[in-house]
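The structure under discussion appears below in the form of structure tokens.
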Amino acid sequence: MYIITAIFVTIISTTTSSGARDVNGKQTRSIVHIHNSKIENFFPDTWSITVDRMRMIARITNGIYLQRGLIDGTIPVDELIAELLGIQSVDQMLKVDTRKVIRVFKRLNGTNDTSLKDFHLMITLLTQTPTVPLAIKHSLGFPNGYRDLLTLQEDFKDPWILEVVRTRSLSYSMTKLEKLGIALKNISGMLEVTKGEREMLSALVKNPPEFKEPLSKLVVTGLQITSNFQEAQNALRALRNILFSMKHSRSLESDALTHLLDPFRHSEVLGLATKGVVSMKQVLDNKSRFQEVILYLEVVKEEIRNSSLSQKDLSNLEALAALQTPLEAMYQSLETWRDSLTDSNSSTLNNYTTLFENAKNVSGIPLNFTEISDSLDQLIQETSNETTREQLENLEAVVNEMNTIGLDFSKYAKNFEETNETMQALNLFFESYESKVYEPILASRNSDYTVMFSLIGVGVAMFIIVFILGLCYLWRADKEIKMDEEKQKKKNKKLINGASRSNSEVSPLTAGVSSGVSSGSKTTTSSSTTG
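Every letter in the sequence shown is one number past the one before it in full-length UniProt numbering, and letter 15, counting from 1, is 15.
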């Protein structure tokens, strides 16, 4: 039974945790609806637009951080899912054995009083206030969780946003985040438990013997809740795998996101700073509603005089009774801040820093309205006068609305100061993003051209070398031919000269004959001369 009890605690904690966040980004105990009929809009339309623009920029900045973190693997998938979905732990939810839960509900059919009493403890734990989810860390630009994530692609269609980011490529880098929002929306629907279903379980807890609803109806309800929970488990497992696979899913658009340095810090600064000015605007819009508390402060003072509440409750109620002065001071500073704002349609983000810088001067009310509401509820419980109870209940409703929005603006002061640096970084990023997307393509093309020109250059160089070598070869061949001709000429010349010398020279045999002939001639001549 205790194992099953733990399982039921997990289911109910998970199914009832999905809802609105309070000013600290934590799960509120219930969704408080602002009375729109009494809202007065003190902001000119231009400044409503300005605040909305900053919300869009905060979402886009957070989107850049999420997309990069999921691809790089630096954002824990389970943490992100828990934040956006509004549950405490994905791992705890997936460990629930729904088969055991189904068996317990089926055994309730025809159960006797004894087994119903055994079931009492389990139902008590089922309907207890759920534990608070982890503090928001990764999705500060999405204060409404996955609901804000679903508007991200619509933000990129805004004409002003297009002027700021200068390209549609940025929206392409974050298309998967929209699919994440759709998946989380579907899972959230599976985890919903209606007010009537919770009231049915609560009625069984408060007085089991007088539980008027038939157990068969409770069984049907329990089985339906468990079946939906089982579907949510399957969807979560699939979503987990998809997000894990994003680590290996890259594109030119997503790679260019790396040029925004320290995206987590910029996401945090702008997310919290925007949350601060949005809260201020909401407080101004609800001025007449919130000033209604002044009408009931004297009633509180009167009731606590004879109250038997604890000292802590009395201290909280005394702080509430003294709320008029700080409330008036807060509205005076808010209106001064509002009047200091100037209209701007600039697409340069630095021109919007005045919105945040002047917000530092607004004096909020640093009271713990959660504790005040609890103490006020205790005071209502001990009040017997119906008129007084009704007045205190009206006061409690306004206090809860104040708590939902948050009146302590001082905690945003540091973020207000840092927005100027963040705006400058975003301006530089948006200006260069488009070129960074196409930088790898241009680099690749330049590389191709370099290779092509290199090949052409090598070809030309080889042609020139071959041409020069050819010329050298021809010159050498021509020179060798000429040298051969010169050698042949010299050889012929030597032959001619040799022949000439042989004709002019006499051999020893010829020399004798010649000498005799010559001597005979001379003798004959001499004889004839004498005779």
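Every residue gets a Cβ at the ideal spot worked out from N, C-alpha and C, and that includes glycine. Since the model is a prediction, treat every value here as computed from it, not as a measurement.
> When DSSP labels each residue in this structure, what does V193 get in the three-state scheme?
Replying inline: Position 193 of the sequence shown holds residue 193. Coil, per DSSP.
> Under the rule that 16 or more other beta-carbon atoms within 10 Å means buried, what is S89, buried or exposed?
Replying inline: By one-based count along the sequence shown, residue 89 stands at place 89. That one is buried.
> Which term fits H248, buried or exposed, when burial requires 16 or more other beta carbons within 10 angstroms of its beta carbon?
Replying inline: By 1-based counting over the sequence shown, the position of residue 248 is 248. That one is exposed.
>> I need the DSSP call for K95, collapsed to helix, strand or coil.
In response: Here residue 95 is taken as the residue at index 95 of the sequence shown, counted from 1. Here K95 sits in coil by DSSP.
> Do the CB positions of L236 and F142 come within less than 8 Å of each other?
Replying inline: Walking along the sequence shown from the start, residue 236 turns up at place 236. Walking along the sequence shown from the start, residue 142 turns up at place 142. It is not a contact, given that the beta carbons lie outside the stated cut-off.
> Using a Cβ-Cβ cut-off of 7 Å (strictly less than) and excluding sequence neighbours within five positions of Y65, which residues of its own chain qualify?
Replying inline: In the sequence shown, residue 65 corresponds to position 65, counting from 1. Counting only Cβ-Cβ distances below 7 Å, and skipping sequence neighbours, we find P263, F264 and S267.
>> Judging by CA-CA distance, which residue of E318, I87 and G364 is the nearest neighbour of M330?
In response: In the sequence shown, residue 330 corresponds to position 330, counting from 1. That would be G364, whose Cα lies nearest to the Cα of M330.
> Taking just the CA atoms, how far does I468 sit from W475?
Replying inline: Counting from one through the sequence shown, the residue named residue 475 turns up at place 475. Counting from one through the sequence shown, the residue named residue 468 turns up at place 468. For W475 and I468, the distance between alpha carbons rounds to 10 Å.
>> Am I right that T419 and T353 are in contact with their C-beta atoms under 8 Å? What's the rounded C-beta distance?
In response: Within the sequence shown, the letter at position 419 stands for residue 419. Within the sequence shown, the letter at position 353 stands for residue 353. Rounded, the Cβ-Cβ distance is 6 Å, consistent with contact.
> In terms of residues, what are the limits of the alpha helix (DSSP H) holding N394?
Replying inline: In the sequence shown, counting from the first residue as 1, residue 394 sits at position 394. Annotation for N394: the continuous alpha helix (DSSP H) segment containing it runs E386 to I405.
> Taking the C-alpha atoms as reference points, what is the distance between V437 and S254?
Replying inline: Here the question's residue 437 lines up with position 437 in the sequence shown. Here the question's residue 254 lines up with position 254 in the sequence shown. For V437 and S254, the distance between alpha carbons rounds to 8 Å.
> What's the gap between the Cα of S169 and the Cα of T226?
Replying inline: Residue 169 sits at position 169 when you count from the first residue of the sequence shown. Residue 226 sits at position 226 when you count from the first residue of the sequence shown. Distance between the alpha carbons of S169 and T226: 43 Å.
> Could you give the residue range of the alpha helix (DSSP H) that holds Y412?
Replying inline: Counting from one through the sequence shown, the residue named residue 412 turns up at place 412. No alpha helix (DSSP H) holds Y412; DSSP gives it neither H nor E.
> Which runs of the beta strand (DSSP E), 3 residues or longer, sit entirely within the stretch 148 to 173?
Replying inline: none
> When you compare only the Cα positions, how much space is there between L426 and R59?
Replying inline: To locate residue 426, count along the sequence shown from 1; it is residue 426. To locate residue 59, count along the sequence shown from 1; it is residue 59. Using only the alpha carbons, I get a separation of about 13 Å.
> When you compare only the Cα positions, how much space is there between L180 and L239?
Replying inline: Locating residue 180 in the sequence shown gives position 180, where the first residue counts as 1. Locating residue 239 in the sequence shown gives position 239, where the first residue counts as 1. Spanning the alpha carbons of L180 and L239 requires a straight line of approximately 8 Å.
>> By the DSSP assignment, the alpha helix (DSSP H) with F356 in it spans what residues?
In response: Within the sequence shown, numbered from 1, the residue matching residue 356 stands at position 356. T353 to E357 is the span of the alpha helix (DSSP H), which, as asked, contains F356.
> Where S307 and E371 are concerned, what is the direct C-alpha to C-alpha distance, given to the nearest angstrom?
Replying inline: In the sequence shown, counting from the first residue as 1, residue 307 sits at position 307. In the sequence shown, counting from the first residue as 1, residue 371 sits at position 371. Rounded to whole angstroms, S307 to E371 spans 17 Å at the Cα level.
> Straight-line CA distance for V165 to F430?
Replying inline: Taking the first residue of the sequence shown as position 1, residue 165 is located at position 165. Taking the first residue of the sequence shown as position 1, residue 430 is located at position 430. When rounded, the distance between both Cα atoms is 5 Å.
> Between the stretch 275 to 293 and the stretch 403 to 418, are three or more C-beta pairs nearer than 8 Å?
Replying inline: yes
> By how many angstroms is the C-alpha of E79 removed from the C-alpha of L140?
Replying inline: For the purposes of this step, residue 140 is identified with residue 140 of the sequence shown, where counting begins at 1. For the purposes of this step, residue 79 is identified with residue 79 of the sequence shown, where counting begins at 1. Near 13 Å, if we compare the C-alpha coordinates of E79 and L140.
> Is the stretch 312 to 323 close to the stretch 373 to 380, with three or more CB pairs under 8 Å?
Replying inline: yes
> What separation, rounded to the nearest whole angstrom, lies between the Cα atoms of residue 540 and S245?
Replying inline: This structure does not reach residue 540, given that the chain is present from 1 up to 531, and the question cannot be answered.
> What residues in its chain sit with their C-beta under 7 Å from that of M174, if we drop five residues either side in the sequence?
Replying inline: Against the sequence shown, residue 174 aligns to sequence position 174. So the list reads G63, Q67 and L152, once near-sequence residues are dropped.
>> Rounding to the nearest angstrom, what Cα-Cα distance links T388 and E382 in this structure?
In response: By 1-based counting over the sequence shown, the position of residue 388 is 388. By 1-based counting over the sequence shown, the position of residue 382 is 382. Looking at the two C-alpha atoms, the distance is approximately 11 Å.
> Residues in its own chain within less than 8 Å of Y146 by CB, not counting five upstream and five downstream?
Replying inline: Within the sequence shown, numbered from 1, the residue matching residue 146 stands at position 146. L84, L85, L180, G181, L184, K185 and S188, listed in sequence order.
> Taking three-plus beta-carbon pairs below 8 Å as touching, is the stretch 394 to 403 in contact with the stretch 287 to 295?
Replying inline: Here the stretch 394 to 403 makes contact with the stretch 287 to 295; the two share three or more CB pairs at distances below 8 Å.
> Using the C-alpha atoms, what's the distance from Q391 back to K301?
Replying inline: Here residue 301 is taken as the residue at index 301 of the sequence shown, counted from 1. Here residue 391 is taken as the residue at index 391 of the sequence shown, counted from 1. If I take the Cα positions, the gap works out to 13 Å.
> Anyone know if the C-beta pair for N351 and W337 falls short of 8 Å?
Replying inline: To locate residue 351, count along the sequence shown from 1; it is residue 351. To locate residue 337, count along the sequence shown from 1; it is residue 337. For N351 and W337, no; Cβs fall outside 8 Å.
>> So, at 6 Å on beta carbons, what are the nonlocal neighbours of E197 in its own chain, with the 5 sequence-adjacent residues on each side left out?
In response: Taking the sequence shown and counting its residues from 1, one reaches residue 197 at position 197. Here the set comprises T221.
>> Quick check on E178: does DSSP put it in helix, strand or coil?
In response: Position 178 of the sequence shown, counted from the first residue, corresponds to residue 178. Helix.
> Going along the chain, which residues of its own chain have a beta-carbon closer than 8 Å to the beta-carbon of L299, five neighbours each way excluded?
Replying inline: Start at 1 with the first residue of the sequence shown, and residue 299 comes out as number 299. In the sequence as presented, Leu is not what sits at residue 299; that position holds Val. Excluding sequence neighbours, V299 sits near T388, Q391, L392 and L395.
> In terms of residue numbering, what span does the alpha helix (DSSP H) encompassing V362 cover?
Replying inline: In the sequence shown, counting from the first residue as 1, residue 362 sits at position 362. Taken as a continuous stretch (DSSP letters only), V362 belongs to no alpha helix (DSSP H), as it is neither H nor E.
> Starting from residue 551 and walking both ways along the alpha helix (DSSP H), at which residues does that stretch end?
Replying inline: Within the shown structure, residues of the chain are numbered from 1 to 531, placing residue 551 beyond reach of any answer.
>> Tell me the DSSP secondary structure of V229 in three-state form.
In response: Within the sequence shown, numbered from 1, the residue matching residue 229 stands at position 229. In the sequence under discussion, the amino acid at residue 229 is Phe, which differs from the Val named in the question. In the structure shown, F229 sits in a helix (DSSP, three-state: H, G or I).
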